[in-house]
Structure formats: structure tokens, C-alpha cells
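Numbering (the working numbering), first residue to last: 539 to 896. We put the beta carbon where it would ideally sit given N, CA and C, even for glycine. Notes follow the structure.
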Amino acid sequence: MAASDLDALVAISPENVTYATGAVIWTQRSLRDRLAMVVWPREGEPTFLVAGQEAGYAGEQSWIKDIRSYVAHGDSPIRALASALREKGLEAGRIGIEMGYLSAAYHQELAKSLPELQLTPCESIFQKARLVKTAAEVELLSKAAVATERALLATYATIQPGDRERVLVGRLAENMLATGADAPSFLYMTVGPNTGYAHPSPTDYVAQPGDLVKTDCGAFFSGYQSDIARTAVIGKASPEQRSIYERLVQVHAKTIEAMKPGVAAREVFRVAVEEYKRVNIPFSLAFAGHGLGLITHEDLLLSDSESAPLAPNMVFAVETRVRWPGKAGYHIEDLVVIGDRGPKKITTFMDTEELMEL
Numbered sequence: 539m540a541a542s543d544l545d546a547l548v549a550i551s552p553e554n555v556t557y558a559t560g561a562v563i564w565t566q567r568s569l570r571d572r573l574a575m576v577v578w579p580r581e582g583e584p585t586f587l588v589a590g591q592e593a594g595y596a597g598e599q600s601w602i603k604d605i606r607s608y609v610a611h612g613d614s615p616i617r618a619l620a621s622a623l624r625e626k627g628l629e630a631g632r633i634g635i636e637m638g639y640l641s642a643a644y645h646q647e648l649a650k651s652l653p654e655l656q657l658t659p660c661e662s663i664f665q666k667a668r669l670v671k672t673a674a675e676v677e678l679l680s681k682a683a684v685a686t687e688r689a690l691l692a693t694y695a696t697i698q699p700g701d702r703e704r705v706l707v708g709r710l711a712e713n714m715l716a717t718g719a720d721a722p723s724f725l726y727m728t729v730g731p732n733t734g735y736a737h738p739s740p741t742d743y744v745a746q747p748g749d750l751v752k753t754d755c756g757a758f759f760s761g762y763q764s765d766i767a768r769t770a771v772i773g774k775a776s777p778e779q780r781s782i783y784e785r786l787v788q789v790h791a792k793t794i795e796a797m798k799p800g801v802a803a804r805e806v807f808r809v810a811v812e813e814y815k816r817v818n819i820p821f822s823l824a825f826a827g828h829g830l831g832l833i834t835h836e837d838l839l840l841s842d843s844e845s846a847p848l849a850p851n852m853v854f855a856v857e858t859r860v861r862w863p864g865k866a867g868y869h870i871e872d873l874v875v876i877g878d879r880g881p882k883k884i885t886t887f888m889d890t891e892e893l894m895e896l
């Protein structure tokens, strides 16, 4: 903000409110009209605005002292925002706000309440701030990733022929909570032909010997997210299954190996593309991994369009996968932290060098 021409920032998305305050307001995710917001002026102290029933919790969780509330379903959160801006002398200021999250109706209400207010998108400021993680963020994301790995292994260890896919998904959710997650974020655990889909709903498919079990899952840990993918087979793997998986492991290793400080994100992607070609596995996806933090897909994206270089303390979920819809799919995804000298793979609790046989 100091480098911009803005008089204040207004955080309004769940991720940036958590980033700015240290508090996780869960109803902000489930009830879109129950906004939580932070008014952060260039000079002076920030103000944290929440629904009345969240004020006590926000006061305990956040470092911000000025916490104000509005009556949910009885008052407009935008009215509370306009009041805070007026009090700070910002009713005609140039304000950065998350335009991508603010609904059109709320935008119109704010413009009507403060007609001289100048609004401009500020997502890029938060994205730049969150790009390189602090040591505390790296530690939290690392613990979250390993906890998710433990939940995955605990779930895989119980799978037997005859299990229904949706029962396995429920079992995974339970194990995530048991290993320390605040709540599951996404649970894509597929069996047999369903492994060929990326993000399907759970079904009543009954697991059979020889079926693949593919999981792409994550959970919330103090507002931050995990994102891990693993693949196994029920019983003994076929030569074809083993061959495909071993070739993916090679691609995965080479992609991570390329992730050195100063290397452009697009160069990592190009290494991945060449490796897929070398091992003769089709690849038509737009990225080979993504930044991870308060949302599952943060900057930088390991894609052909991203020219920014990798830097120490950036955190990535590196994905190596192949899918044939309705037939079969394989997925390996690991947490990687960029160090001063190179990448460090955090998720080593599960051995992914060979296709796991259940």
C-alpha cells in the first residue's frame, strides 16, 4: 500500500481477512451475505468489521483491537463499512477493495452510500504480500501437509474390496479431523473407473480387486490449506499400472528438481512438459503445480504464461497426473518449499516411489 496511491485497503475475501487479522471467520465462507471486512488505512490503526455473533471470537483471535459489529440479517454490512470509512475521513478517498469478491449488489450499495469514494481493485497487493511465506507460514503449511498425509495413509490402510466409494470419502474426512484439521476443504477420493475424473462427487461404486484408488484432498489448518494427491491399487498392480505410475514418478522428480531459486515458473512447466513427452504419457493440462497458502491455487502457477522467478520461502503443491475419463487416473501431488539452494519436498511420510498395493 505504501508503494501505491491508495489511501486504504479493504480486505473482504475469507483468505485476505484471515491474512490481515489472524482470525478465521467460518461463516464468511458459508454465508456470502455475512461479510467480514478489514479497513486498513495508510495511516492509523485498522478496523475489523464482523457480524455481531462473531465479534467475541474475532476479539480473541485477532491482533486488531478496533473490532466493530453489525446485526446480521438486520443491518447491511456495507452500511457498517461506509460508517468506518467516514469516521476515518476516507469517504472521498482512493480505496483498494477486493472487487473480484465483492458482489455487484454490495458494490452498488457502497457507491450509493459514498458517491465520492474512488474504488479500485487491490487483489494484486495482497497476492504480492502472500507470495513469499514467513517462517511461521511455512511451518504451518508443512505440518498441515504431513497431517493430511497421515490421514490419507490411515484411510488407505483400511480399504478392502467391497467398500463403497462414498464410505471411503467419509472415512478420509474423519481421519483428517483426527490428525488435526479444523475442517476438510475438498475430498476427491475415487475408485476404479471414477479415477479417470478430476473432481467428481462420491458414488456408491463398490471397490474391486485391481481397482485404482486416487485421492486429491485438502483441509483447513488455522485458515491455511493442505493439498495432497496419492494413488494406490487394491491388490496386486498390473504391469501396465506399475509402468504408468513409475513413469509419472520420473516426471514428478524431474519437475521438483528444476524448482530452484531464480528459475522462472514457466521453465519448470516446460521441464514437466518435456518429461511427459520423454516417458510417453499424454499431458494437456495448463499447469504442473501451484502456489499454496490460504487458498489452494495461489500465485505462482507453474504454467507456460508465468514468467516470474521462484524465490526462497515460496510454497508449491507440485502435481503430476494423467487421466482417462471413465477408465483410469493417476495423481501424485506433494508440498515443496523453495530453499536458498533448491527445493525441499515436505511430504515424505508416504512412500510414493512405487505404486502402493493395498
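- Around the beta carbon of V609, fewer than 16 other beta carbons sit within 10 angstroms, so the residue counts as exposed.
- With respect to the C-alpha of L830, the residue from V801, T559, S680 and M575 having the closest C-alpha is S680.
- Pairwise C-beta distances place the region 874-893 in contact with the region 678-694, as three or more of them are shorter than 8 Å.
- L839 has its alpha-carbon roughly 23 Å from the corresponding atom of T890.
- Restricting attention to T733, R709, A736 and Y762, the CA atom closest to the CA of S723 is found in Y762.
- A direct Cα-Cα distance of roughly 17 Å separates A620 from E583.
- DSSP places E629 in the coil class of the three-state scheme, outside both helix and strand.
- Taking a contact as a CB-CB distance under 8 Å, the pair E675 and D765 does not count as one, their CB atoms being some 15 Å apart.
- In this structure, the straight-line span from the alpha carbon of V751 to that of V811 is close to 25 Å.
- In this structure, I794 is the residue among K798, I794 and Y639 with its C-alpha nearest to the C-alpha of E813.
- In the structure shown, the three-state DSSP call for M714 is helix.
- One alpha carbon belongs to I697, the other to L587, and they sit about 46 Å apart.
- Between A574 and V555, the gap from beta carbon to beta carbon is short of 8 Å.
- Residue nearest to G627 within the set E687, P579 and D842 is P579 (criterion: CA-CA distance).
- The Cβ-Cβ distance between T733 and A866 falls below 8 Å.
- Secondary structure at Y608: strand, using DSSP grouped into helix, strand and coil.
- Apart from sequence neighbours up to five positions away, the residues of its chain that approach Y639 with a beta-carbon distance below 7 Å are I550 and S551, ordered along the chain.
- Shown here for A796: same chain residues with a beta carbon closer than 6 Å to its own, the five before and five after excluded, namely V806 and V809 in chain order.
- Under the three-state reduction of DSSP, E836 is assigned to strand.
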